[in-house]
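Numbering (the numbering used here), first residue to last: 1 to 106.
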């Protein structure tokens, strides 16, 4: 029962917040313009469904390319970090030189 109250409260809060933002003239105008543009786009997709599929396909291909590029960049960075850590772990202090601990004043 508490779950239903939570969802109900979130929805009511969202509606009240949305209505409160509509008190601003610029927000109302921008919202109306965006709704008109969305309606025109949806109408053109209804009239030309092949354009909708082409748009979806091109967006998918673009996102796929961007994701692949990002993953390759991340793998390159991880490889560089691993190589750096390997080179640091192979570097050892000579046994005859003790390490110094430097104390800082607080």
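Glycine is no exception: its CB is placed at the ideal position from the N, C-alpha and C atoms.
A quick note: this is a predicted structure, and the numbers were derived from the prediction, not measured.
Straight-line measurement puts the Cα of residue 53 at about 21 angstroms from the Cα of residue 67. Residue 63 carries a helical assignment under DSSP once its states are collapsed to helix, strand and coil. When DSSP states are grouped into helix, strand and coil, residue 84 belongs to the helix group. Annotation for residue 35: the continuous alpha helix (DSSP H) segment containing it runs 25 to 47.
Between the C-alpha atoms of residue 38 and residue 56 there is a straight-line separation of about 16 angstroms.
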